[in-house]
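Peer 1: Residue numbers (this note's numbering), protein chains in the order written: chain A, 6 to 144; chain B, 6 to 144; chain C, 6 to 144.
Every residue gets a Cβ at the ideal spot worked out from N, C-alpha and C, and that includes glycine.
Every value quoted in this text rests on a predicted model; they were computed, and no experiment measured them.
Following this message is one structure expressed as structure tokens.
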């Protein structure tokens, strides 16, 4: 069994944003020289998400509107967590809806994807340096 | 390390539906001859889900009602994504709540499940051919 | 390839509660003697969750309030599932938001975590004996 580890680093300028990280994961897979196995891609921070969906700008704005409806940022004092001096409780909630991690099959040396699957980093509390972990195991 | 790959194909006649795919995953596991490892089961399409829960018809209707409340299909013009000519933005949202994939342990040649765990394909934009990927790694 | 399996058992005295199980997963990893691979941690019951987030009491109360808003326990007769004699339909819904399972990379013999990542068991229908599965594969 072979394994490979790589970190990606992001510093999203605003509070929230979505970044297509599919090419980065493809690079890591190539570097790993693994052709059959599984890839784990996870946010290393608890106010961010990694998820698979469509690379369509309108949909991303729909996600933004929907998540803000499900778990609004303001008023910040509606959340007990924010009494610790943070203002990011909503980010911890939004990340649960979108998910911490994805697992992708590796077959014949490629990410084994359907026609529209793309991997995104979802930031809900940006303006700081944050990391994503890629771990690949297989042969 | 051994690996095994199989696709399932679905064509749900309505817009939404839930299908118990546990027997299909058990078949794939038997075919793989893997007795210790992990199974990944994921939707290959971004308006569908794979999740584990109870095979109880009332609960499935509760999921349907609840998801429609959280991310209503209509009015379709409330979503920017639908300006691309689609009417399935709600399906992209519903799938995030239910999840793209599940990972199941394989122990002693069986899906290592609790007493009520069953695997479902969740369709949110049916009336077309769609696929689920099963990837098994182990020994 | 090596594999290791362990069950954790919980009996939460109230209906709902969150328990930090990170030390238990670290114990299992040590026992497994696996230094590179993947850990799966999943609820074996369909009214409970395993998720990764912050070990902060205020945030856990925020989750409780938020989940109760998204999928209220009462009135219990709003859910078809509860016509089976259960009163836990809301628990099946809450668990979908929080997730059944997490996958964690193992690197250099440790859980490969970011600075604040902790693993929680989320109970939504307690007052009974329930189990969590830990499955580790790797080398």
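Which residues, in chain order, does the segment 6-36 of chain A contribute to contact with chain C at a C-beta distance below 8 Å?
Peer 2: Listed in sequence order: 6, 8 and 10.
Peer 1: Buried or exposed, going by whether 16 or more other CB atoms sit within 10 Å of the CB of residue 25 of chain C?
Peer 2: Answer is exposed; the Cβ neighbour count stays below 16.
Peer 1: Quick one: which chain F residues come within Cβ less than 9 Å of residue 50 of chain B?
Peer 2: Among the protein chains of the structure shown, namely A, B and C, there is no chain F.
Peer 1: On the DSSP letters alone, give me the boundaries of the beta strand (DSSP E) that residue 72 of chain A sits inside.
Peer 2: First-last for residue 72 of chain A: 62-75, but that is the alpha helix (DSSP H), not the beta strand (DSSP E).
Peer 1: Is any beta-carbon of chain B found at less than 9 Å from that of residue 88 of chain C?
Peer 2: For residue 88 of chain C, the answer is yes, since a Cβ of chain B falls inside 9 Å of its Cβ.
Peer 1: Give the range of the beta strand (DSSP E) segment to which residue 13 of chain C is assigned.
Peer 2: Start and end: 7-15.
Peer 1: Could you work out which residues of chain B lie near residue 76 of chain C, taking near to mean beta carbons separated by less than 7 Å?
Peer 2: Here the neighbours are 71.
Peer 1: In whole angstroms, what is the alpha-carbon distance linking residue 98 of chain B and residue 62 of chain A?
Peer 2: Distance between the alpha carbons of residue 98 of chain B and residue 62 of chain A is about 14 Å.
Peer 1: Nearest to residue 139 of chain B by CA position, among A:119, A:139 and A:128, is which residue?
Peer 2: Taking only the C-alpha atoms, the option nearest residue 139 of chain B is A:119.
Peer 1: Assign residue 88 of chain A to one of three DSSP states: helix, strand, or coil.
Peer 2: Helix.
Peer 1: Give me the Cβ distance between residue 122 of chain B and residue 49 of chain C, rounded to the nearest whole Å; I'm assuming they're in contact under 8 Å.
Peer 2: Yes, residue 122 of chain B and residue 49 of chain C are in contact; Cβ-Cβ is about 7 Å, under 8 Å.
Peer 1: Can you tell me which of C:115, C:116 and C:58 puts its alpha carbon nearest to the alpha carbon of residue 95 of chain A?
Peer 2: Comparing Cα positions, the closest option is C:58.
Peer 1: For residue 78 of chain A, I'd like the list of residues in its chain whose CB is within less than 7 Å of its CB, leaving aside the five on either flank, ordered along the chain.
Peer 2: The answer, listed in chain order, is 95.
Peer 1: So for residue 41 of chain C, helix, strand or coil by DSSP?
Peer 2: Coil at residue 41 of chain C, not helix or strand.
Peer 1: Name, please, each residue of chain B whose Cβ falls closer than 9 Å to the Cβ of residue 102 of chain C.
Peer 2: Within 9 Å Cβ-Cβ: 102.
Peer 1: Does the beta-carbon of residue 127 of chain C have 16 or more other beta-carbons within 10 angstroms, so that it is buried, or is it exposed?
Peer 2: Buried: at least 16 other Cβ atoms inside 10 Å.
Peer 1: Here's the rule: buried if 16 or more other CB atoms are within 10 angstroms of the residue's CB, otherwise exposed. What is residue 74 of chain C?
Peer 2: By the neighbour-count rule (16 or more Cβ atoms within 10 Å), residue 74 of chain C is not buried but exposed.
Peer 1: Using a Cβ-Cβ distance under 9 Å, would residue 115 of chain B count as near chain C?
Peer 2: No, residue 115 of chain B lies away from the interface with chain C (no Cβ there is under 9 Å from its Cβ).
Peer 1: Can you list the residues of chain B that residue 107 of chain A reaches, using a CB-CB cut of under 8 Å?
Peer 2: Those are 105 and 106, listed as they occur along chain B.
Peer 1: For a contact defined as C-beta to C-beta under 7 Å, what are the partners of residue 97 of chain C on chain B?
Peer 2: Residues of chain B passing the Cβ test: 58, 59 and 64.
Peer 1: Using the C-alpha atoms, what's the distance from residue 80 of chain C back to residue 17 of chain C?
Peer 2: Using only the alpha carbons, I get a separation of about 23 Å.
Peer 1: Less than 9 Å between the beta carbons of residue 54 of chain B and residue 129 of chain B, yes or no?
Peer 2: Closer than 9 Å, so yes.
Peer 1: I'd like the span of the alpha helix (DSSP H) that includes residue 102 of chain B, first residue to last.
Peer 2: Note, residue 102 of chain B: alpha helix (DSSP H), 94-103.
Peer 1: Tell me, please, whether the CB atom of residue 110 of chain A is closer than 9 Å to any CB atom in chain B?
Peer 2: So yes, residue 110 of chain A belongs to the interface.
Peer 1: Between the alpha carbons of residue 87 of chain C and residue 125 of chain A, how many angstroms are there, rounded?
Peer 2: Answer to the nearest angstrom: the Cα atoms are 37 Å apart.
Peer 1: Quick check: what's the CA-CA separation for residue 69 of chain B versus residue 19 of chain A?
Peer 2: Rounded to the nearest angstrom, the two C-alpha atoms are 35 Å apart.
Peer 1: Along chain A, which residues have their Cβ under 7 Å away from the Cβ of residue 142 of chain B?
Peer 2: The answer, in chain order, is 42, 43 and 143.
Peer 1: Within its chain, find whatever has a CB closer than 6 Å to the CB of residue 105 of chain A; leave out the 5 residues flanking it on each side and keep chain order.
Peer 2: Contacts found: 47 and 48.
Peer 1: CA-CA distance, residue 90 of chain C and residue 84 of chain C?
Peer 2: C-alpha separation (whole angstroms): 11 Å.
Peer 1: With DSSP as the reference, label residue 5 of chain B as helix, strand or coil.
Peer 2: Nothing about residue 5 of chain B can be read from this structure; chain B reaches only from 6 to 144.
Peer 1: Do you know offhand how far residue 15 of chain A's Cα is from residue 52 of chain A's?
Peer 2: Approximately 13 Å between the Cα atoms of the pair.
Peer 1: Does DSSP classify residue 31 of chain C as helix, strand or coil?
Peer 2: Residue 31 of chain C: helix per DSSP, three-state reduction.
Peer 1: Would you list the one or two residues that DSSP bridges to residue 123 of chain B?
Peer 2: In the DSSP output, where bridge partners are listed per residue, residue 123 of chain B has B:58.
Peer 1: Where does residue 144 of chain A fall in DSSP's three states?
Peer 2: Coil.
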